[in-house]
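Structure first, then comments.
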Amino acid sequence: MTNYKLQDQNEGEKMPFVYGLFKQIAFGLLKGMGIIRQFGGFKSPFFFHPGDKGLFEAICAGFGREKEKLPKFADIKATALPMFELGRDQQTAMDGALDAIKACKNFAVAALAGSGKTYFMRRLVKALTGWGKSVMVLTFSAPTKVEWWGHIKGIGNDKASATNIHSLCYRSFPPEFPKTRKGRAYVIEVNEWKVRNLINKEIVKEEKGGHLVRALTVFIDLVMCNLIDIADSKALETLAEKYGNQLSPNRGAIDFDKLELFPDYEEKNIAPDLTALLVALAPDVMTKLLADNSSISFAEMVYRPIIENWPLEKFDVVLVDESQDLNPLFIELIRRIQKEKSSVGFVGDSLQSIYGFMGADNSAFESIQNDFHCDQFPLVQSRRISKAVADYVNGVFPCGIEALEEAKEGGVETIPTKQMVELADSGDMILCRRNADCVTVGFALMAQGKNVRLANSEKLVFALFKKMFELEGAEDRDFARMQESAAKRLQGADDKNVSDSSATDIYRTIQIVFSHSESLEKAIVNVAKLTAPSDSAIEIMTGHKSKGLEANTVFLYEGEKGFKVHFEGIKDWEIAQENNLYYVACTRAMESLYIVTDTGAPMLDGASEALEIELQEI
Numbered sequence: 006m007t008n009y010k011l012q013d014q015n016e017g018e019k020m021p022f023v024y025g026l027f028k029q030i031a032f033g034l035l036k037g038m039g040i041i042r043q044f045g046g047f048k049s050p051f052f053f054h055p056g057d058k059g060l061f062e063a064i065c066a067g068f069g070r071e072k073e074k075l076p077k078f079a080d081i082k083a084t085a086l087p088m089f090e091l092g093r094d095q096q097t098a099m100d101g102a103l104d105a106i107k108a109c110k111n112f113a114v115a116a117l118a119g120s121g122k123t124y125f126m127r128r129l130v131k132a133l134t135g136w137g138k139s140v141m142v143l144t145f146s147a148p149t150k151v152e153w154w155g156h157i158k159g160i161g162n163d164k165a166s167a168t169n170i171h172s173l174c175y176r177s178f179p180p181e182f183p184k185t186r187k188g189r190a191y192v193i194e195v196n197e198w199k200v201r202n203l204i205n206k207e208i209v210k211e212e213k214g215g216h217l218v219r220a221l222t223v224f225i226d227l228v229m230c231n232l233i234d235i236a237d238s239k240a241l242e243t244l245a246e247k248y249g250n251q252l253s254p255n256r257g258a259i260d261f262d263k264l265e266l267f268p269d270y271e272e273k274n275i276a277p278d279l280t281a282l283l284v285a286l287a288p289d290v291m292t293k294l295l296a297d298n299s300s301i302s303f304a305e306m307v308y309r310p311i312i313e314n315w316p317l318e319k320f321d322v323v324l325v326d327e328s329q330d331l332n333p334l335f336i337e338l339i340r341r342i343q344k345e346k347s348s349v350g351f352v353g354d355s356l357q358s359i360y361g362f363m364g365a366d367n368s369a370f371e372s373i374q375n376d377f378h379c380d381q382f383p384l385v386q387s388r389r390i391s392k393a394v395a396d397y398v399n400g401v402f403p404c405g406i407e408a409l410e411e412a413k414e415g416g417v418e419t420i421p422t423k424q425m426v427e428l429a430d431s432g433d434m435i436l437c438r439r440n441a442d443c444v445t446v447g448f449a450l451m452a453q454g455k456n457v458r459l460a461n462s463e464k465l466v467f468a469l470f471k472k473m474f475e476l477e478g479a480e481d482r483d484f485a486r487m488q489e490s491a492a493k494r495l496q497g498a499d500d501k502n503v504s505d506s507s508a509t510d511i512y513r514t515i516q517i518v519f520s521h522s523e524s525l526e527k528a529i530v531n532v533a534k535l536t537a538p539s540d541s542a543i544e545i546m547t548g549h550k551s552k553g554l555e556a557n558t559v560f561l562y563e564g565e566k567g568f569k570v571h572f573e574g575i576k577d578w579e580i581a582q583e584n585n586l587y588y589v590a591c592t593r594a595m596e597s598l599y600i601v602t603d604t605g606a607p608m609l610d611g612a613s614e615a616l617e618i619e620l621q622e623i
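Okay, structure coming up:
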């Protein structure tokens, strides 16, 4: 048995072919997707073995800071604004919004899926040309900000601009801010990354720590913004209820041997609940986070200007896109960039709130309308979906969505998985609840010779390779050992009733990839095939990744634990999020929607026993 280590090419020691292939494909995929560009501290080129954890620590560090740079405003081409006739609901909302802006009042536009939200906002910015008012379009993501740059250039309103929330705040950081924090700082993806890394290493095992990490992330954000007090027991209880006391009563979930790193926590005879852990861990976690001068989290970009009371740019009109995803931190920011006599326009759809794990509240959009005393205008005519899809969505959700009079009739049908494999064709979209389901469906379609792609799969590929590198057997890296290790981890996760479904999802995904691959080399090639770019592929993705996309034909692969809808007694935030996710998935279909329900049956005639077992278990 050989224990391979990271080796410099200059040492002249060659690696087996499979590892060279692994290096080429893994780095090619990650680099091509913009996840990584280079690694500081490593000699290049170099060989590596999948077991080198140091390499993936570098990838973890580079994951947030080494993304491809976005283009500059000057490099963006203008996007022409076609002047279509507004629909009746759009015209009503336009007139109402302009009246509100004249009166320096706030307004909210509840835009259902496909109702032309972005076009409405572009026309509103156009209508404000010549008013002499500064207009800021506030987005959540940097790519959306870049899209809006093109829109604004095409509109010709020289008083309008667009940025994302974090960029707006980061611009307020003063020059005297320590160079180690801004001059050479890198930005990690989310504050949760730091919390998760600290908690996982010091206290909670990975598969048990998801709910604690999320609760701590939200709690620390609120405390650092002075929005709640660290001793606020009611806030702690609310967080604990929201994220659920889902830490297993099994004492094994907590590593008590490492709790000396957090002196405020004392071991109890009974299993700790989430509230107790929050009270005990939050002060020390906050201290350790603030002591890290090498990075700035996305959350800190927002809360730092607030708690330091740094001056922020203010605007006459602020248009907030995707307002249903606002969390308390962002709402406080919006209050601070609004001039005394000004207007804020919130545009969103409460049914598309699917990012509760990032701190957004399912009822945020409704609360905002009340808190900001907004004039309210609905956009209910969907320019995307067919009449049949509109009828189906209205039958599930009391939202009043309407198809246009000229829309196609379309259709909604429930079909078995085998029929989905037969019907799915180029340009179609298949939506799954979990990554493991995406991979299972992908292999079934590949077996039929169909061109498939796991769309928007950057993080999935990253997680797949990371987990493949971390499998047990530091001394014995043969493929059979990897298969056995993945199976054991998955079985152990099931036995312990894992609360963090994302970890289980990756284990299942690994097992599925391995079960369809007779060697490590084949496993790597299979992952590459599933994620290779293609203009004519069947797009497979999770419901979360489908937001903002559309296709003529959409297959909703429900699976045993897939999209579930609860009609009554919705109290738990996760249940409400699942309802919203189902709504988002259904409204991606422009013409035909297929509900695939009989997971557990074979997808193919003569399907292997292993595949049938996987479909029943997943």
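Numbering-wise (the working numbering), the sequence shown opens with residue 6 and increments by one. Backbone N, C-alpha and C fix where the C-beta goes; we use that ideal spot for every residue, glycine too.
Three-way DSSP call (helix, strand, coil) for residue i in this model
i       : result
Ala-165 : strand
Leu-459 : strand
Glu-318 : coil
Cys-404 : coil
Ile-390 : coil
Asp-380 : strand
Phe-125 : helix
Asn-111 : coil
Asn-332 : coil
Glu-345 : strand
Ile-145 : Looking at the sequence shown, residue 145 is not Ile but Phe. Correct three-state label for Phe-145: coil.
Gly-447 : helix
Thr-97  : helix
Met-306 : helix
Phe-89  : coil
Ile-1   : Because residue 1 is not part of the residues shown, which for the chain are 6 to 623, the question remains open.
Glu-544 : strand
Gly-416 : strand
Ile-311 : helix
Distance, residue j Cα to residue i Cα
i       : j       : result
Ser-368 : Ala-132 : 30 Å
Cys-437 : Lys-77  : 35 Å
Phe-145 : Asp-330 : 9 Å
Cys-443 : Ser-391 : 26 Å
Phe-448 : Trp-315 : 53 Å
Trp-153 : Glu-563 : 35 Å
Asn-440 : Lys-550 : 11 Å
Tyr-397 : Cys-591 : 9 Å
Lys-386 : Leu-317 : In the sequence as displayed, the identity of residue 386 is Gln instead of Lys. Cα to Cα, the separation comes out at about 37 Å.
Asp-178 : Gln-582 : According to the sequence as given, residue 178 is Phe; it is not Asp. Using only the alpha carbons, I get a separation of about 35 Å.
Ala-408 : Arg-458 : 30 Å
Arg-341 : Gln-374 : 17 Å
Asp-321 : Tyr-588 : 34 Å
Leu-554 : Phe-382 : 24 Å
Asp-80  : Leu-117 : 33 Å
Glu-480 : Ala-452 : Note that Glu-480 has pLDDT 36, beneath the 50 cutoff, so the model's placement of it is unreliable and the number below is only indicative. So the alpha carbons of these two residues sit roughly 34 Å apart.
Val-151 : Ala-165 : 14 Å
Pro-333 : Ser-541 : 42 Å
Ser-348 : Lys-455 : 52 Å
Ala-429 : Ile-543 : 7 Å
Ala-612 : Thr-445 : Because the pLDDT at Ala-612 is just 35, under 50, the model does not fix this residue reliably, and the point stays unresolved.
Local Cβ density within 10 Å of residue i, reported as buried at 16 or more and exposed below that
i       : result
Gln-343 : buried
Phe-89  : exposed
Asn-584 : buried
Arg-127 : buried
Cys-109 : exposed
Asp-376 : exposed
Gln-95  : buried
Val-352 : buried
Asp-354 : buried
Trp-137 : According to the sequence provided, residue 137 is Gly. The question's Trp does not apply to it. Gly-137 is exposed by the Cβ-count criterion.
Glu-596 : buried
Lys-346 : exposed
Lys-122 : buried
6 Å Cβ shell around residue i - same chain, five flanking residues per side excluded
i       : result
Phe-112 : Ala-102, Ala-105, Gly-350, Cys-379, Asp-380
Phe-125 : Gln-95
Val-559 : Met-434, Arg-593, Ala-594, Leu-598
Residue i CB to nearest heavy atom of the ligand ADP below 7 Å
i       : result
Met-546 : Within the structure as shown, the ligand ADP is missing, as the structure has no ligands at all.
Same chain, Cβ closer than 8 Å to residue i, five either side skipped, listed in chain order
i       : result
Ser-328 : Ala-113, Phe-351, Val-352, Gly-353, Ala-369, Phe-370, Ile-373
Cβ shell of residue i (< 7 Å), same chain only, five flanking positions each side left out
i       : result
Ala-395 : Ser-387, Ile-406, Glu-407, Ala-408
Practice item. Taking 8 Å as the threshold, find out whether the region 422–430 comes into contact with the region 591–602 through three or more Cβ pairs. Key: Under the three-pair Cβ rule at 8 Å, the region 422–430 counts as touching the region 591–602.
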